[in-house]
Amino acid sequence: MMMRKRLWLLLLLIPLAELYGFIWVSHWIGAGKTILLIILTTLIGAAMMQFEGRKVIADAKNEMNRGQMPGRKMLDGLCVFFGGSLLLIPGFLTDIIGFTLVFPLTRALYRRFLLKWLEKKMKNGSITFRRF
Numbered sequence: 010m011m012m013r014k015r016l017w018l019l020l021l022l023i024p025l026a027e028l029y030g031f032i033w034v035s036h037w038i039g040a041g042k043t044i045l046l047i048i049l050t051t052l053i054g055a056a057m058m059q060f061e062g063r064k065v066i067a068d069a070k071n072e073m074n075r076g077q078m079p080g081r082k083m084l085d086g087l088c089v090f091f092g093g094s095l096l097l098i099p100g101f102l103t104d105i106i107g108f109t110l111v112f113p114l115t116r117a118l119y120r121r122f123l124l125k126w127l128e129k130k131m132k133n134g135s136i137t138f139r140r141f
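Pasting the structure below:
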């Protein structure tokens, strides 16, 4: 129940923050340049997502071919996917978070957080893995 309230709060606050960002940047550089900037960040983000996504998939395949489990690469793939999805949403806040998820140097911060979260969930039994 608490998780749903947090989700609804996020769904309300993120668009408000994005709207505030649009207005602030529009006053600063003008409306036309703001729209151009949003389009440009979306295009750059899509290209980065495609490049980094292919790189992560290739690295994961190489690890599997060597007989290793590509756990870190799987988390990288999740970060690239979610980061790319955020980059496709118009807005500055989502673009900042999306770029940091897609960019390899900052992706490590998210990966560390995800690993700790997954460990916690697995220890208390909230997440179980099944083999088919």
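Using this note's numbering, you'd call the opening residue of the sequence shown number 10 and step up by one each time.
Heads up, the beta-carbon is just placed ideally off N, CA and C, and yes, glycines get one too.
As the structure is a computational prediction, the values presented were derived from the model and not from experiment.
{"Asked": "Rounded straight-line distance, which links the Cα of residue 11 to that of residue 77", "Found": "39 Å"}
{"Asked": "Alpha-carbon to alpha-carbon, residue 81 and residue 68", "Found": "10 Å"}
{"Asked": "Residue 39, DSSP secondary structure in three states", "Found": "coil"}
{"Asked": "Cβ contact (3+ pairs, closer than 8 Å) linking the region 85-98 and the region 55-63", "Found": "yes"}
{"Asked": "Supposed close pair residue 134, residue 93 - CB separation, criterion 8 Å", "Found": "Going by Cβ atoms, the distance from residue 134 to residue 93 rounds to 32 Å, so no, they are not a contact pair."}
{"Asked": "Simplified DSSP assignment, three categories, for residue 75", "Found": "coil"}
{"Asked": "Ranges of the alpha helix (DSSP H) found wholly within the region 11-57, counting only runs of at least 4", "Found": "11-38"}
{"Asked": "Cα-Cα separation, residue 111 to residue 131", "Found": "26 Å"}
{"Asked": "Limits of the unbroken alpha helix (DSSP H) element including residue 93", "Found": "80-97"}
{"Asked": "Residue 112 (DSSP reduced to helix, strand or coil)", "Found": "coil"}
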